[in-house]
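**Q**
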Amino acid sequence: MAKFSTPFLTLMALSGASLSGHAALPPQFSECLTGDSAALSSYDVHDIAKVAKVTYCQNQMGITNKTETLTMLKNKNIQIGISIAKTSYSREDLLELARAGSYALYVDSNRIAKEYLPEIAKAGAQLIIISSTSGLAATDLRTLVQQGKPFVYNVNSNATKEDLKSLVSLGVEVVIRSSQVGLSKEDIMEIARVNTDSVTILP
Numbered sequence: 689m690a691k692f693s694t695p696f697l698t699l700m701a702l703s704g705a706s707l708s709g710h711a712a713l714p715p716q717f718s719e720c721l722t723g724d725s726a727a728l729s730s731y732d733v734h735d736i737a738k739v740a741k742v743t744y745c746q747n748q749m750g751i752t753n754k755t756e757t758l759t760m761l762k763n764k765n766i767q768i769g770i771s772i773a774k775t776s777y778s779r780e781d782l783l784e785l786a787r788a789g790s791y792a793l794y795v796d797s798n799r800i801a802k803e804y805l806p807e808i809a810k811a812g813a814q815l816i817i818i819s820s821t822s823g824l825a826a827t828d829l830r831t832l833v834q835q836g837k838p839f840v841y842n843v844n845s846n847a848t849k850e851d852l853k854s855l856v857s858l859g860v861e862v863v864i865r866s867s868q869v870g871l872s873k874e875d876i877m878e879i880a881r882v883n884t885d886s887v888t889i890l891p
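Below, the structure is given as structure tokens:
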């Protein structure tokens, strides 16, 4: 069985597979942003998934594992995150994967045109928009909300208080990296008060 190229893999007990502090965020969110792991074969991943939930992050260049990824998406114990920047999946590939099973799509590049993101979301992908690298402006984000499913907005670059308040009011899950957004503590608190269940603050 062919091996994946150094994915990031996290195992979580079946009884407690949720992201600490904010259950509404996809389980793949935190794990896929950090860490490295040794490569495992798709057989290994499926075998482990018999006894524990597996978070698999496809964050390497190349499109060598679409067949294996399609198979993994059909396994309810395997949760998958896919980076646009670090893979070479096309729009058609991402749609095919979304139709096979839900996954977290990291919009960390503008390689996939913004016009295609709503249809990928509607097909079943959970969008994680990375503010510093997605290439999307505030107006693009509001349009995306209107056209597709709500997304998670990972704010790791300068942002305005009013833009973030607007997104939270529209139902967007906002994760604020407080050391990277250029906002005061008071601004961040004001944003969170719009809907405390939709805002996560990370240092």
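With our numbering applied, the sequence shown covers 689 to 891. Glycine is no exception: its CB is placed at the ideal position from the N, C-alpha and C atoms.
#1: Please list the terminal residues of the continuous beta strand (DSSP E) segment that includes residue 813.
#2: Please classify residue 712 as buried or exposed, where buried requires at least 16 neighbouring CB atoms within 10 angstroms.
#3: Write down every uninterrupted run of the alpha helix (DSSP H) in the stretch 768 to 800 whose length is 4 residues or greater and which is fully enclosed by it, in chain order.
#4: Check whether the Cβ atoms of residue 813 and residue 777 sit closer than 8 Å, and answer yes or no.
#5: Let me know the secondary structure DSSP gives residue 857 once reduced to three states.
#6: Look up residue 842 in the DSSP assignment and give the residues it is bridged to.
#7: Taking only three categories from DSSP, how would you classify residue 741?
#8: Please work out which residues of its chain come closer than 8 Å, Cβ to Cβ, to residue 875, disregarding the five sequence neighbours upstream and downstream, and give them in chain order.
#9: For residue 762, which residues in the same chain have their Cβ closer than 8 Å to its Cβ, ignoring the five residues on either side in sequence?
#10: Can you tell which of 833, 846, 865, 805 has the C-alpha that lies nearest to the C-alpha of residue 857?
#11: Where do the ends of the beta strand (DSSP E) carrying residue 888 lie?
#12: Within the chosen definition, does the stretch 822 to 839 reach the stretch 734 to 743 through at least 3 CB pairs nearer than 8 Å?
#13: Keeping to the same chain, check which residues put their C-beta closer than 8 Å to that of residue 886; ignore five residues upstream and five downstream.
#14: For residue 775, tell me which candidate among 798, 759, 760, 764 has the shortest Cα-Cα distance.
#15: Roughly how many angstroms separate the alpha carbons of residue 696 and residue 779, rounded to a whole number?
**A** So, from the data block:
#1: Against the sequence shown, residue 813 aligns to sequence position 125. Segment 813 to 818, the beta strand (DSSP E) holding residue 813.
#2: Your numbering for residue 712 matches position 24 in the sequence shown. Bear in mind that a pLDDT of 49 at residue 712, under 50, signals an unreliable position, so the number given afterwards is only what the model happens to contain. Exposed, since its Cβ has fewer than 16 Cβ neighbours within 10 Å.
#3: Listed in chain order, they are 779 to 788.
#4: In the sequence shown, counting from the first residue as 1, residue 813 sits at position 125. In the sequence shown, counting from the first residue as 1, residue 777 sits at position 89. Going by C-beta atoms, residue 813 is not nearer than 8 Å to residue 777.
#5: As a working mapping, residue 857 is identified with position 169 in the sequence shown. Residue 857 falls in the helix class under three-state DSSP.
#6: The residue you call residue 842 lines up with position 154 of the sequence shown. Paired residue(s): 818, 863.
#7: Taking the sequence shown and counting its residues from 1, one reaches residue 741 at position 53. Assigned with DSSP and collapsed to three states, residue 741 falls in strand.
#8: Position 187 of the sequence shown, counting from 1, holds the residue named residue 875. These residues qualify, in order along the chain: 849.
#9: Counted from its first residue, the sequence shown places residue 762 at position 74. Result list for residue 762: 788, 789, in chain order.
#10: By 1-based counting over the sequence shown, the position of residue 857 is 169. Of the candidates 833, 846, 865, 805, the one whose C-alpha sits nearest the C-alpha of residue 857 is 833.
#11: To locate residue 888, count along the sequence shown from 1; it is residue 200. Here the beta strand (DSSP E) through residue 888 covers 887 to 890.
#12: The stretch 822 to 839 vs the stretch 734 to 743: no contact.
#13: Walking along the sequence shown from the start, residue 886 turns up at place 198. Once the five neighbours on either side are set aside, the close Cβ partners of residue 886 are 712, 856, 859, 860, 861, 862.
#14: Taking the sequence shown and counting its residues from 1, the one referred to as residue 775 is at position 87. Residue 775 has its Cα closest to that of 798, out of 798, 759, 760, 764.
#15: Along the sequence shown, read from residue 1 onward, the residue named residue 696 stands at position 8. Along the sequence shown, read from residue 1 onward, the residue named residue 779 stands at position 91. Here the model assigns residue 696 a pLDDT of 43, short of 50, so the residue's position is not dependable, and the following value carries that caveat. Cα to Cα, the separation comes out at about 23 Å.
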